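Below is one structure, written out as C-alpha cells, with a few remarks after it.
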Amino acid sequence: MSTPSTAPVHCDVGLIGLAVMGQNLVLNLESRGFRVGVYNRTPATTLDFVAANPQRRLVGSTSLREFVALLARPRRILVMVKAGAAVDAVLDELLPLLEPGDIVADCGNSLFTDTARREQRLSAAGLIYMGIGVSGGEEGARKGPSIMPGGPLQGWDALRPMLEAIAARVEGEPCVAHIGPGGAGHFVKMVHNGIEYGDMQLIGEAYQLMRASGMTAPEMAEVFSRWNEGPLQSYLIEITARALEQRDADTGAPLVDLILDKAGQKGTGRWTLAAAAEMAVPVSVIQAAVEARILSARRGLRLRAAGLLPGPRTGPKVTRDVLLARLHDALYASKVVSYAQGLDLLSEASRTHGWNLDLGTIAALWRGGCIIRARFLGLITEAFRSDPGLENLLLADRFREALARCQDAWRETVADAMLGGQPVPAFAAALAYHDGLRSARLPANLLQAQRDYFGAHTYERVDRPEGQSFHTTWPEVID
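Per numbering that gives the first Met the number 0, the very first residue in the sequence shown carries number 0; after that it's consecutive.
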C-alpha cells in the first residue's frame with residue numbers, strides 16, 4: 000500500500016471527504032487536468048483510495064495540516080461531508096491552518112442558512128466561503144454534474160475555470176453559473192431536490208395506477224421507455240424504465256416487486272417545505288411527496304389499516320390504451336406544476352433575500368448532469384429568457400396551451416384514481432393548485448368572516464380600496 004507524500008507538491012485543489020460522491024468528484028477533477036490533494040478523517044480511506052488509483056495525479060494526506068500544506072496558494076478546498084455538525088467540525092479544524100484569501104467551498108447538501116452563517120464566520124477571518132450545490136448523484140459527480148455555486152463573486156471568479164471544466168455540458172454550455180450571494184447556491188439546490196421529490200412521487204403514482212390495472216413490471220418498463228422518447232423524456236423516466244426491467248438474481252422475479260414499499264429521505268424535502276411556509280409560497284406537490292414518504296414509512300400502521308378500512312366496491316373500467324394515454328398527459332401536466340411551484344419559491348426567495356436569481360439560467364443549469372434533467376427544461380429556459388418577468392411558469396403561452404390540451408386527461412386520471420381507491424396525492428395536489436390559480440374568486444372570503452367572528456382579525460371588502468380593514472360585531476353564539 001502506498002503512503003501519502005509529505006513533500007510540497009502544490010496541488011491545484013484539495014477535497015475533504017472521500018465517501019462515494021467525494022471520490023467521484025476527485026476522479027472528475029483529475030481527469031480534467033487537475034492535481035488533487037485528498038483527505039478523509041479515516042486515514043485508511045485516504046490511503047486505500049490513492050492506492051486504488053496509482054496512475055492518477057492524487058496526493059493523499061492523513062492529517063489536515065499536511066493536507067493544507069499540499070495546496071498551492073490561494074488554496075482551493077472542497078468539502079464533501081454530511082450536512083450539519085460535520086461541516087462545522089471540519090471548519091473548526093481547518094480554519095487555524097488557513098491564510099487570508101484561501102477559498103473553502105462546501106459542496107454538500109447544507110441548509111442555506113447554515114451556509115450564510117459560515118460565510119460570515121470565514122469572511123471575518125479573511126477567507127472566502129462558497130456554498131455549492133452539486134447534483135447528479137455518483138454518476139454526475141464522476142462524469143459531469145450540474146453545479147450551483149453561491150457566495151462572493153471573488154470566490155466564483157477563482158473557482159469558475161475548474162467548475163466549468165468538470166460540469167456537465169448541454170449544447171456546448173457548461174451546467175454551472177454563479178447563482179448569487181450567501182446561501183443562494185444551496186437554496187437553489189434545496190429547491191432542486193424538492194422538485195425531485197415531487198417528480199419521483201408523480202412517477203410513482205403513475206406506476207401505482209398501472210400496477211392497479213394489472214400491468215406487469217416488464218409491461219410498465221416498456222411504457223416508460225416509450226414515454227422517454229417523447230415530451231416526458233427525463234433522467235428519472237429513463238431510470239424508472241430500467242429499474243422495472245431489472246430481475247432479481249436469486250428468484251428471477253422483477254426486482255422492484257421485491258423491494259419494500261418504505262421510502263427514506265435525507266431532509267432537503269422538509270427544508271423546502273419549511274422555507275416555502277416561511278415565505279408563504281404554495282408548494283403542494285412537494286408537500287404531497289414528502290408526506291407520501293412519511294406515510295410509506297409507517298408501514299405497520301398501513302398493514303393494520305389495510306385489513307380494517309374499506310375501499311370502493313368497484314372502480315372505473317377503462318381500456319389499457321385509454322388509461323395510458325390519460326396517464327401520460329396527467330403526468331406531464333403535473334410535472335409542469337411541480338416545476339412551476341419550485342420556481343415560484345425561488346422567485347420569492349430572490350425577492351426576500353435580495354439574491355437577484357435568474358430563473359432562466361437556473362433552468363438551463365438543470366438541463367444536464369442533475370437528477371431532474373428533462374427535455375422540457377429547455378422549454379422552461381426559453382420561457383424565462385423570453386420573459387424574465389414571468390410571474391408563474393403556468394402563465395407562459397407554451398405551458399398554458401399544454402395544460403389546456405392535457406386538462407381533460409388530467410382530470411379523468413385523478414377522478415378515476417379516487418373512484419378506484421388509489422392514492423394519488425401529488426397528482427391531486429397539482430390539479431388543485433392549477434384550479435386554485437385559475438380561480439378569480441376563492442372561498443377565503445368566508446374564511447376571513449370566520450376569523451373575524453371568533454378572533455376579531457378584521458377583513459377587507461371588495462367595494463372598498465385594498466388595505467382598508469373592517470370588523471363586524473357578530474351575533475353571540477349561545478352554547
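Cβ atoms here follow ideal geometry from the backbone N, Cα and C, with glycine treated the same way. Keep in mind the model is a prediction, meaning the values are calculated, not measured.
- Setting aside the 5 residues that flank it on each side, Asp415 is surrounded in the same chain by Pro315, each with a C-beta closer than 6 Å to its C-beta; the list follows chain order.
- Given a length threshold of 4 residues, each whole run of the alpha helix (DSSP H) inside the segment 407 to 468 is given here in chain order: 424 to 436, 443 to 454.
- In this structure, DSSP gives Met209 a helical state, which the three-state scheme calls helix.
- With a minimum length of 4 residues, the unbroken runs of alpha helix (DSSP H) contained wholly in the segment 267 to 346 fall at 267 to 277, 283 to 296, 298 to 305.
- In its chain, beyond the 5 residues on either side, Pro73, Arg75, Ile102, Ile127 have a beta carbon closer than 8 Å to the beta carbon of Ala157.
- Per DSSP, Leu259 has no beta-bridge partner at all.
- Distance from the CA atom of Arg301 to the CA atom of Lys261, rounded to whole angstroms, is 11 Å.
- For Gly13, the enclosing beta strand (DSSP E) starts and ends at 12 to 15.
- CA-to-CA, the gap between Lys334 and Ser145 works out to about 20 Å.
- Annotated three-state conformation of Gly203 is helix, per DSSP.
- In the DSSP assignment, Pro42 falls outside any beta strand (DSSP E) and lies within the alpha helix (DSSP H) extending over 42 to 50.
- DSSP places Glu163 in the helix class (H, G or I) of the three-state scheme.
- Under the DSSP assignment, Leu28 falls in the alpha helix (DSSP H) whose first and last residues are 19 to 30.
- One alpha carbon belongs to Phe48, the other to Arg64, and they sit about 19 Å apart.
- According to the DSSP assignment, Asp105 belongs to the beta strand (DSSP E) that extends over 102 to 105.
- The residues Ala408, Glu411, Thr412, in chain order, have a CB closer than 7 Å to that of Arg325 in the same chain once the five nearest residues on each side in sequence are set aside.
- Put simply, of Gly13, Leu364, Phe469 the residue whose alpha carbon is nearest the alpha carbon of Gly171 is Leu364.
- If you draw a straight line from the Cα of Tyr432 to the Cα of Ala425, it is about 10 Å long.
- Contact annotation: Cys369 and Gly143 have beta-carbon atoms that are not nearer than 8 Å.
- Assignment of beta-bridge partners to Leu393 by DSSP yields no partner.
- Using a C-beta cut-off of 8 Å, the segment 173 to 187 makes no contact with the segment 207 to 224, since fewer than three inter-stretch Cβ pairs fall below that distance.
- For Ser233, no beta strand (DSSP E) segment is defined, and its DSSP state is neither H nor E.
- Collapsing the DSSP output to three states places Glu381 in a helix.
- If you draw a straight line from the Cα of Phe186 to the Cα of Ile371, it is about 16 Å long.
- DSSP places Ile361 in the helix class (H, G or I) of the three-state scheme.
- Sequence-distant Cβ neighbours of Leu418 in its own chain, meaning closer than 6 Å and more than five residues away, are Gly314, Pro315.
- If only complete runs of 3 or more residues are kept, the segment 128 to 174 shows the beta strand (DSSP E) at 145 to 149, in order along the chain.
- Remark: three or more beta-carbon pairs, one from each stretch, lie closer than 8 Å, so the segment 382 to 390 and the segment 347 to 363 are flagged as touching.
- Residue burial is scored here from C-beta neighbours: Asn27 has at least 16 other C-beta atoms within 10 angstroms and is therefore classed as buried.
- DSSP places Val222 in the uninterrupted alpha helix (DSSP H) bounded by 216 to 226.
- Annotated as proximal: Val35 and Arg56, with beta-carbon spacing under 8 Å.
- Secondary structure note for Leu90: its alpha helix (DSSP H) is the uninterrupted segment 84 to 93.
- The beta carbons of Leu69 and Ser60 sit closer together than 8 Å.
- Annotation for Arg397: Leu378, Ala382 place their beta carbon closer than 7 Å to its own, counting only its chain and skipping 5 residues before and after.
- Proximity of the segment 147 to 162 to the segment 101 to 117 meets the contact definition, three or more beta-carbon pairs being nearer than 8 Å.
- The beta carbons of Ser337 and Val284 sit closer together than 8 Å.
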